[in-house]
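*Asks:*
Protein chains: 2
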Amino acid sequence: MRVVVPYAASEPKTRLADVLSADERAAFAAAMLDDVLAAIRSAGHEPEALATAPVEADARVVVDERPLTEAVNAVLADAGEDPVAVVMADLALATPAALSRLFDHDGDVVIAPGRGGGTNALVARHPEFRVDYHGTSYLDHLEIARAVGAGVSVVDSHRLATDVDERADLAEVLIHGSGESYEWLKGEGFSLASDESRVGVVRE
Amino acid sequence: MRVVVPYAASEPKTRLADVLSADERAAFAAAMLDDVLAAIRSAGHEPEALATAPVEADARVVVDERPLTEAVNAVLADAGEDPVAVVMADLALATPAALSRLFDHDGDVVIAPGRGGGTNALVARHPEFRVDYHGTSYLDHLEIARAVGAGVSVVDSHRLATDVDERADLAEVLIHGSGESYEWLKGEGFSLASDESRVGVVRE
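Going down the list, the protein sequences come from chains A and B. Throughout the first sequence, residue numbering follows our numbering, covering 1 to 204 in sequence. Throughout the second sequence, residue numbering follows our numbering, covering 1001 to 1204 in sequence.
1. If we call anything under 8 Å between Cβ atoms a contact, is Gly1200 of chain B one with Ala1092 of chain B?
2. Less than 8 Å between the C-beta atoms of Ala1221 of chain B and Tyr1007 of chain B, yes or no?
3. Using beta carbons (cut-off 8 Å, strictly below), is Ala161 of chain A in contact with chain B?
4. Would you call the segment 9–17 of chain A in contact with the segment 91–105 of chain A, where contact means no fewer than 3 C-beta pairs closer than 8 Å?
5. Run the proximity test for Val202 of chain A: is its beta-carbon closer than 7 Å to any non-hydrogen atom belonging to the ligand ZN?
6. By Cβ distance, which residues of its chain are closer than 7 Å to Ala168 of chain A, with the 5 residues on each side in sequence left out?
7. Looking at C-beta atoms only, is the number of pairs between the segment 1123–1132 of chain B and the segment 1160–1175 of chain B that lie closer than 8 Å three or more?
8. Under a three-way DSSP split, which group does Gly1119 of chain B fall into?
9. Give the residues from the segment 110–126 of chain A that approach chain B closer than 9 Å (Cβ to any Cβ), ordered along the chain.
10. Figure out for me which residue from B:Arg1002, B:Ala1009, B:Leu1033 has the closest Cα to the Cα of Ser1181 of chain B.
11. So, Val1005 of chain B versus Ala1089 of chain B, is the Cβ gap smaller than 8 Å?
12. With 7 Å as the C-beta to C-beta threshold (strictly closer), list the residues of the segment 131–163 of chain A near chain B in chain order.
13. May I have the straight-line CA-CA distance separating Ile111 of chain A from Glu24 of chain A, to the nearest angstrom?
14. With distances taken Cα to Cα, identify the nearest neighbour of Gly1117 of chain B among A:Pro83, A:Ile175, A:Gly118, A:Asn120.
15. Taking 6 Å as the limit between beta carbons, can you name the residues of its chain near Glu166 of chain A, skipping five residues before and five after?
16. In whole angstroms, what separates the C-alpha of Leu1185 of chain B from that of Phe1028 of chain B?
17. Between Ala1150 of chain B and Val1109 of chain B, is the Cβ-Cβ spacing less than 8 Å?
18. Would you mind telling me which residues of chain B sit closer than 7 Å to Glu188 of chain A, beta carbon to beta carbon, in chain order?
19. Just checking: is the beta-carbon of Val199 of chain A within a distance shorter than 8 Å of some beta-carbon in chain B?
20. Since Pro1113 of chain B and Thr1119 of chain B are thought to touch, with beta carbons under 8 Å apart, how far apart are those beta carbons, to the nearest angstrom?
21. Can you tell me which of A:Glu11, A:Gly80, A:His45 puts its alpha carbon nearest to the alpha carbon of Ala30 of chain A?
22. What does DSSP give as the partner residue(s) for Pro83 of chain A in the beta ladder?
23. Can you tell me which of the three DSSP states Tyr7 of chain A falls into?
24. List, in order along the chain, the chain B residues whose C-beta lies closer than 8 Å to that of Ile40 of chain A?
25. Put Ala971 of chain B into one of helix, strand or coil per three-state DSSP.
26. Is the beta carbon of Ala57 of chain A sitting closer than 8 Å to the one on Val87 of chain A?
27. So that I know if they touch, is there some Cβ in chain A lying closer than 8 Å to that of Glu1172 of chain B?
28. Give a yes or no on whether the minimum CB-CB distance between Ala1022 of chain B and chain A is below 8 Å.
29. Write down every uninterrupted run of the beta strand (DSSP E) in the segment 99–169 of chain A whose length is 3 residues or greater and which is fully enclosed by it, in chain order.
30. Would you give the residue range spanned by the beta strand (DSSP E) that Gly200 of chain A belongs to?
31. Along chain A, in chain order, which residues have C-beta atoms closer than 9 Å to that of Ala1098 of chain B?
32. Are there 16 or more other CB atoms within 10 angstroms of the CB of Pro207 of chain A, so buried, or fewer, so exposed?
33. Could you work out which residue in B:Phe1103, B:Asp1035, B:Ala1193, B:Glu1065 is closest to Met1001 of chain B when comparing CA atoms only?
34. Taking the CB atoms as reference points, tell me whether Asp156 of chain A and His1158 of chain B lie closer together than 8 Å.
35. Just the chain B side, please: which residues come within less than 7 Å of Ser194 of chain A by C-beta, in chain order?
36. If you follow the alpha helix (DSSP H) that Leu185 of chain A is part of, which residue opens it and which one closes it?
Right, dumping it as structure tokens:
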């Protein structure tokens, strides 16, 4: 099974601009990509990065300058009857066990929804299924699958539901993470901080 | 196995005050409690509500006015060697399948962490394990289990990780929910709304 990891090579993670500089965001995004690639490999698959520009990564890098949806759909069209997995590069909490639940699950289309209605990872085993990552893509993907007659299974995983986009998401990395992205945050002085309602992060 | 659902009977869900009145918050909290009780029953267990004051619920209600941690620890102390499950009342996305993964998992202590480091559901099968729900309780519970020599298993579930506390959490109910809490939100005019970054909710 081909396992692709889309990666925005320029100005990644803009919604972390309130806590990280542009260079820091690029370094943190690269650390998360490394973690995701390593987890996929430990789950028994050979990942490839699908990047918007040439990047250094511990995997084969395929460059496609087009927006996410178009680039992924080109992969799906190219695959035909062969299964394809698409795993987002900012799933810093992804473990081999969580990814194996996705990869090994039966179904024409298997989706790991993200918090807020996104689609953080999926497996497509139906030649007509296509993605649309705009808006509430999880619900859109259920509808697209239905329209082409593809059965859908959903993987219920907090680790795969947690894409790291915003400051509050950094707390999840500090609580549950263990790889390069965790070490990078610790090295940059981030630690957990509680207020009365929810746990967040502070930086030294 | 005793399955208790702690429930704050007075002024529940204060962090939803920006979108719901006090009466609405009480009604929504009651709808979520009903959903959780029904899901536990469908998973094959007879739930009981552990409420801070007498409430109407479709289950046996045990009243304990003390704060959450003290009330749950009284149940654990009373249980001795018998297993006890504790499931929060605001897990509007909980399904029988997700709860069965918790209830059926081996381990002295089985934890379903909540987003932000909370403990949304647990099973305790060790007579010395006690809870402490303040702060990052997930990490505290790992430490408490270690201190008493109890092995810990973690259930990786987006549904169980999603306690409904804030406006953004309502989107999860509209995306993944199906019970009384979903119907209540729809009936009150809530629907999904997207901006460029993340999906939220609007009210008619």
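Using N, Cα and C, we set each Cβ at its ideal position, and we do this for glycine too.
*Replies:* Taking the structure as given:
1. As a position in the second sequence, residue 1200 of chain B is number 200, starting the count at 1. As a position in the second sequence, residue 1092 of chain B is number 92, starting the count at 1. Contact flag unset, no.
2. The first residue shown for chain B is 1001 and the last is 1204, placing residue 1221 of chain B beyond what the model contains.
3. Counted from its first residue, the first sequence places residue 161 of chain A at position 161. Chain B, which has a Cβ nearer than 8 Å to the Cβ of Ala161 of chain A, makes this yes.
4. Counting C-beta pairs with one atom in each stretch, the segment 9–17 of chain A and the segment 91–105 of chain A have fewer than three that are closer than 8 Å, which means they do not touch.
5. Of ligands this structure carries none, so the ligand ZN is not represented either.
6. In the first sequence, residue 168 of chain A corresponds to position 168, counting from 1. Here the set comprises Gly200.
7. Flag = no, the segment 1123–1132 of chain B and the segment 1160–1175 of chain B do not touch.
8. Along the second sequence, read from residue 1 onward, the residue named residue 1119 of chain B stands at position 119. In the sequence under discussion, the amino acid at residue 1119 of chain B is Thr, which differs from the Gly named in the question. Thr1119 of chain B falls in the strand class under three-state DSSP.
9. Ala112, Pro113, Gly114, Arg115, Gly116, Gly117, Gly118
10. As a working mapping, residue 1181 of chain B is identified with position 181 in the second sequence. Cα-wise, what sits closest to Ser1181 of chain B is B:Leu1033.
11. To locate residue 1005 of chain B, count along the second sequence from 1; it is residue 5. To locate residue 1089 of chain B, count along the second sequence from 1; it is residue 89. Contact: yes.
12. Gly135, Thr136, Tyr138, Leu139, Asp156, Ser157, His158, Arg159, Ala161
13. If you number the first sequence from 1, residue 111 of chain A lands on position 111. If you number the first sequence from 1, residue 24 of chain A lands on position 24. Taking the straight line joining both Cα atoms gives about 31 Å.
14. Here residue 1117 of chain B corresponds to residue number 117 of the second sequence, with the count starting at 1. Of A:Pro83, A:Ile175, A:Gly118, A:Asn120, the residue nearest in Cα terms is A:Ile175.
15. Here residue 166 of chain A refers to the residue found at position 166 of the first sequence. Same-chain partners within the cutoff: Arg15.
16. As a working note, residue 1185 of chain B is residue 185 in the second sequence. As a working note, residue 1028 of chain B is residue 28 in the second sequence. Leu1185 of chain B and Phe1028 of chain B: Cα-Cα distance of roughly 8 Å.
17. Position 150 of the second sequence, counted from the first residue, corresponds to residue 1150 of chain B. Position 109 of the second sequence, counted from the first residue, corresponds to residue 1109 of chain B. Yes, they are a contact pair.
18. Here the question's residue 188 of chain A lines up with position 188 in the first sequence. By Cβ distance, chain B contributes nothing, its closest Cβ being about 20 Å from Glu188 of chain A, past 7 Å.
19. Taking the first sequence and counting its residues from 1, the one referred to as residue 199 of chain A is at position 199. Chain B contact via Cβ: present.
20. Here residue 1113 of chain B corresponds to residue number 113 of the second sequence, with the count starting at 1. Here residue 1119 of chain B corresponds to residue number 119 of the second sequence, with the count starting at 1. Right, the Cβ-Cβ distance comes to about 6 Å (below 8 Å), so this counts as a contact.
21. Stepping through the first sequence from its first residue, residue 30 of chain A is reached at position 30. For the residues A:Glu11, A:Gly80, A:His45, the minimum Cα distance to Ala30 of chain A belongs to A:Glu11.
22. As a first step, residue 83 of chain A must be located in the first sequence, where it is residue number 83. Answer is none; Pro83 of chain A lacks a bridge partner.
23. Looking up residue 7 of chain A in the first sequence gives position 7. The answer is strand: DSSP assigns Tyr7 of chain A an E or B state.
24. Your numbering for residue 40 of chain A matches position 40 in the first sequence. Result: empty, since nearest Cβ-Cβ is about 17 Å, beyond 8 Å.
25. This structure cannot speak to residue 971 of chain B, because chain B is shown only from 1001 to 1204.
26. What you label residue 57 of chain A is simply residue 57 of the first sequence in a count that begins at 1. What you label residue 87 of chain A is simply residue 87 of the first sequence in a count that begins at 1. It is not a contact, given that the beta carbons lie outside the stated cut-off.
27. Within the second sequence, numbered from 1, the residue matching residue 1172 of chain B stands at position 172. Yes, Glu1172 of chain B counts as interfacial toward chain A.
28. Within the second sequence, residue 1022 of chain B is the residue found at index 22, counting from 1. Output row for Ala1022 of chain B: interface = no.
29. Complete beta strand (DSSP E) runs here, min 3: 109–113, 119–124, 152–154.
30. Reading the first sequence from its first residue, position 200 is the one you call residue 200 of chain A. Start and end: 199–203.
31. Numbered from 1 along the second sequence, position 98 holds the residue referred to as residue 1098 of chain B. Those within 9 Å of Ala1098 of chain B in chain A are Asp156.
32. The requested residue 207 of chain A does not occur in the structure, where chain A is confined to residues 1 to 204.
33. The sequence position of residue 1001 of chain B within the second sequence is 1, counting from 1. Among B:Phe1103, B:Asp1035, B:Ala1193, B:Glu1065, the Cα nearest to that of Met1001 of chain B is on B:Phe1103.
34. Position 156 of the first sequence holds residue 156 of chain A. Position 158 of the second sequence holds residue 1158 of chain B. In contact: Asp156 of chain A and His1158 of chain B (Cβ atoms closer than 8 Å).
35. One-based indexing of the first sequence puts residue 194 of chain A at position 194. Within chain B, the residues near Ser194 of chain A are Gly1135, Thr1136.
36. Sequence index remark: in the first sequence, residue 185 of chain A carries index 185 (1-based). That run of the alpha helix (DSSP H) goes 180–187.
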